[in-house]
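Some notes on the structure that comes next.
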Amino acid sequence: MPIKNNWTREEIKDIYDSPLLDMVYRAAAVHRHHNDTGEVQVCTLLSIKTGGCPEDCAYCPQAARYNTGVDVQALMKKEDVLDYAAKAKPPGGK
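In terms of my numbering, the sequence shown opens at residue 700 and continues consecutively.
Rendered as structure tokens:
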């Protein structure tokens, strides 16, 4: 299934007018053709500063004025953040 990028209006309309489950089936087939469906993507989140923010955006629970029960942690050192990123990259891929 080569990637196509020269669609005619009639081809697009035919897809648009297709039954929903036909579109889902076709989309799944294209996805399976281009991706390993047995692969699981893993992501890592790291909070480099938690709570105690001096800014008050009025909606953000990170603002110092809110008592959220979360322990305030200072901004991490750049070297530590880069170290965590280097460790997280291999399991996550590219």
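In this text, a Cβ means the ideal position worked out from N, Cα and C, and glycines have one as well.
All values reported here derive from a predicted model rather than from experimental measurement.
Measure how close the beta-carbons of residue i and residue j come, nearest whole angstrom, since I'm counting them as under 8 Å.
i, j, result
"residue 750", "residue 767", "7 Å"
"residue 755", "residue 762", "5 Å"
With the cut-off set at 7 Å, would you say residue i and residue j are in Cβ contact?
i, j, result
"residue 748", "residue 774", "yes"
"residue 783", "residue 745", "yes"
"residue 785", "residue 743", "no"
Leaving out five residues before and five after residue i in sequence, what residues of the same chain have Cβ atoms less than 6 Å from its Cβ?
i, result
"residue 728", "none"
Looking only at its own chain, which residues have a Cβ that is under 7 Å from the Cβ of residue i, when we skip the five neighbours before and after it?
i, result
"residue 735", "none"
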